[in-house]
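One structure is given below, encoded as structure tokens.
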Ligand SMILES: *[C@@H]1O[C@H](CO)[C@@H](O)[C@H](O)[C@H]1NC(C)=O
Ligand SMILES: *[C@@H]1O[C@H](CO)[C@@H](O)[C@H](O)[C@H]1NC(C)=O
Ligand SMILES: *[C@@H]1O[C@H](CO)[C@@H](O)[C@H](O)[C@H]1NC(C)=O
Ligand SMILES: *[C@@H]1O[C@H](CO)[C@@H](O)[C@H](O)[C@H]1NC(C)=O
Ligand SMILES: *[C@@H]1O[C@H](CO)[C@@H](O)[C@H](O)[C@H]1NC(C)=O
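Numbering (mature numbering (1 follows the signal peptide of the UniProt record, and there is no 0)), first residue to last: -19 to -1, 1 to 545.
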């Protein structure tokens, strides 16, 4: 036996050894809308991302709990990127084995990050297919955009299997923009007669959330960011025009401070315009960064690229809002777990990540034979981000109280366990509404429940390509609105010498709804079947899986979050 064991060392990476899948549950079906345009040429260059196994992820999770819990002595004692790196950096063995594996396949062109847990390597398609048995690279096209992905699952050599979480650049495709943003032509909502409608503008938001003209940023080094992953660009001219039209009542900036990545030359996109125009309207006079398709290559996953970038930048804005989401069931568990760890890495640095809860209510997955279940969305379902749902005005033409926007994404994760910070809030909801809950077979009460809070998501005005566009709706509107307000609170905290809010949820749930406008009316949509008839969960007093704790009453929230 011993002799055999010693023999196995020279055999390292011999092609005879076993290989295994890293992402056995990853969806490899190409979604509708993409057409296959043939195999890629074997000599074509690909760029793949290797996620190396990290150390101390339990300790990372515990550290995040301590630095985000206002009752802990460690509250706000954030780590630098260097400290995160010393905590999670892969072991020497992991680094050696992975490097050796790549090198023995002739792959030498790799970049690493400050935390050394990602490698981005360039190689030909032919080399990639040898390195990752099973993979078959094809080109896919949608709306003139072309991508390279593998049509079949990949495996890795047994000797590296335990040293990797996943390999990026093989399967996941960018979701469609309109999955995140619906203009009202898609909505069931009745339109008012001409001339009567109001529509959400910065002054409407500032009135509803009680922001005064002096509630603008003043701290020197505060900043906020939006991240874009679709082929979407904002335009400086649109932003300037938007602020000229809607920003007269408060001091604001009319220019983005920094663009990270490359903005294409194409037309401005609705999503990008919306995010930038509104984070800069609530987070007024705060320096704003835009992260955009960074050095995009056909074989890269844009969202993953952004995550990798965060691990390579020591100086980052405190608040990031992101309108990206995929069905949980289309992603591998290994991928979601690792991305969740990346969220923890951001959280321990004091960075707040806000994700849109999605625009399909509880969602719907067809299990066959008339059987359905709700369909949670990721990253909205991650326990380590703050997820933002959507509301409408009770009277759509006036600044009234808010009710559920029926598209507001919400529900329970099938992947992530319910975190402690929300257990009692969710339990109370389930008990209070027990009689009217959808059937138990539709959702999983042991999972992380979302959203955490909400804001208006209906009938926004956006300036795009120089034209004001009405009726823009979706949780991608509410997310930057909340992000801007958190940035204002950070601003006041920084002026007082306090640390930034960081990962907000533990503190948010301890407020038990204080300082938020509770949303208690309306239900969101779900499966159109006999059992639930399109109805998902319903809003209720205190926390609910449609609007979370509710929407911000800015002065009250500022007061509550300005204490140590
Ligand atoms: C990370 O940043 C360093 C410079 O700070 C750079 O050399 C390296 O290529 C970057 N890594 C990636 C993956 O871009
Ligand atoms: C904030 O807004 C609400 C509703 O519009 C209002 O009742 C309240 O008096 C306002 N002011 C504060 C400080 O909460
Ligand atoms: C806007 O922010 C800058 C710092 O970035 C600050 O010096 C200035 O006073 C702020 N403007 C107002 C009106 O508060
Ligand atoms: C903080 O200020 C410095 C100096 O002006 C600047 O280089 C840096 O980008 C700022 N950081 C953030 C996160 O805004
Ligand atoms: C329910 O969620 C838990 C995680 O909280 C998970 O382990 C379990 O597999 C989920 N059940 C289903 C049916 O997806």
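All C-beta atoms, glycine included, are put in the ideal place defined by N, C-alpha and C.
For residue 391, the Cβ stays outside the 7 Å cut-off from all heavy atoms of ligand 5. Collapsing the DSSP output to three states places residue 210 in coil.
A distance below 8 Å separates the beta carbons of residue 325 and residue 45. In the DSSP assignment, residue 109 falls outside any beta strand (DSSP E) and lies within the alpha helix (DSSP H) extending over 106 to 112. Shown here, residue 184 sits in a helix according to DSSP, grouped into three states. Here residue 504 is bridged, per DSSP, to 519. Note that the C-beta distance between residue 243 and residue 266 is not below 8 Å. Residue 146: member of the beta strand (DSSP E) spanning 145 to 149, first to last residue. In the DSSP annotation of this structure, the continuous segment of the alpha helix (DSSP H) that includes residue 80 starts and ends at 73 to 85. Secondary structure of residue 244 (DSSP, three-state): coil. CA-CA distance, residue 361 to residue 367, rounds to 8 Å. In terms of Cβ geometry, residue 21 and residue 153 do not form a close pair [threshold 8 Å]. Counting along the chain, residue 352 sits inside the beta strand (DSSP E) bounded by residues 352 to 354. Under a 10 Å Cβ-count criterion, residue 239 is classified as exposed, with fewer than 16 other Cβ atoms of the shown protein chains found around its own Cβ. Annotation for residue 474: the continuous alpha helix (DSSP H) segment containing it runs 456 to 476. By the beta-carbon neighbour count (other beta carbons within 10 angstroms, threshold 16), residue 427 is exposed. The chain-ordered list of residues whose CB is nearer than 6 Å to some heavy atom of ligand 3 reads 197, 198, 199, 201, 232 and 266. By the CB criterion at 8 Å, residue 128 and residue 309 fall outside the cutoff. Contact check for residue 386 against residue 439 passes: the beta carbons are separated by less than 8 Å.
The residue from 355, 312 and 247 with its alpha-carbon nearest to that of residue 11 is 312.
Every unbroken stretch of the alpha helix (DSSP H) spanning 4 or more residues and falling wholly within the region 312 to 367 is given here in chain order: 314 to 328. From the listed residues 38, 259 and 131, the smallest Cα separation to residue 115 is found for 131. Annotation for residue 407: the continuous alpha helix (DSSP H) segment containing it runs 401 to 413. With respect to residue 99, residue 289 sits close: the two C-beta atoms are nearer than 8 Å. Around the beta-carbon of residue 395, 16 or more other beta-carbon atoms lie within 10 Å, marking it buried. For residue 369 against residue 460, the beta-carbon gap comes to about 4 Å, under 8 Å, which counts as contact. Distance from the CA of residue 235 to the CA of residue 472, rounded to the nearest whole angstrom, comes to 19 Å. The C-beta of residue 109 has 16 or more other C-beta atoms within 10 Å across all chains shown, which makes the residue buried. In the three-state reduction of the DSSP assignment, residue 300 falls in the strand class, which pools E and B. Remark: C-beta atoms of residue 219 and residue 194 do not approach each other more closely than 8 Å. For residue 380, there is no enclosing beta strand (DSSP E), as DSSP gives it neither H nor E.
Residue 4 sits buried, since 16 or more C-beta atoms from the chains shown fall within 10 Å of its C-beta. Distances from the alpha-carbon of residue 231 to those of 261, 216, 96 and 213 put 261 closest. When the Cα atoms are used, residue 327 and residue 28 turn out to be separated by approximately 24 Å. For residue 142, the CB contacts under 8 Å within the same chain, skipping 5 residues up- and downstream, are -1, 1 and 3 in chain order. Distances from the CB of residue 191 to the heavy atoms of ligand 2 include at least one below 7 Å.
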